[in-house]
Amino acid sequence: MNLYCLQPKEIHEIKDFLLTARRKDARSVKIKRSKDVVKFKVRCSKYLYTLCVFDSEKADKLKQSLPP
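The opening position of the sequence shown corresponds to residue -19 in my numbering, with each subsequent residue numbered one higher.
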């Protein structure tokens, strides 16, 4: 098995992340905060997608716009 396919996929655009989070196969979204970055992780059927946000205000807005 190729180890590359087991790696999470990084998304660089907030708009793309929101579309991914609203997909039918998206199961859960986890938010991990550290000192200088907020990581959003969405689990889909095949991959785990991550988005790193360095601005805390943008992270709060993104958290509010996620689906329930």
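By construction, the Cβ of each residue, glycine as well, lies at the ideal position given by its N, Cα and C atoms.
If you check the beta carbons only, do F34 and D16 fall under 8 Å apart?
In this structure, the beta-carbon distance from F34 to D16 falls below 8 Å.
When you compare only the Cα positions, how much space is there between R13 and K41?
In this structure, the CA atom of R13 is about 14 Å from the CA atom of K41.
Counting C-beta neighbours from all protein chains within 10 Å, is the total for I(-9) 16 or more, i.e. buried, or is it exposed?
With 16 or more other Cβ atoms within 10 Å, it is buried.
Pick helix, strand or coil for I(-6), following the three-state DSSP scheme.
Note: I(-6) maps to helix in three-state DSSP.
Below 8 Å on the Cβ atoms is my guess for V18 versus A1; work out the distance and round it to an integer in Å.
That belief does not hold up - the Cβ atoms of V18 and A1 are roughly 15 Å apart, past 8 Å.
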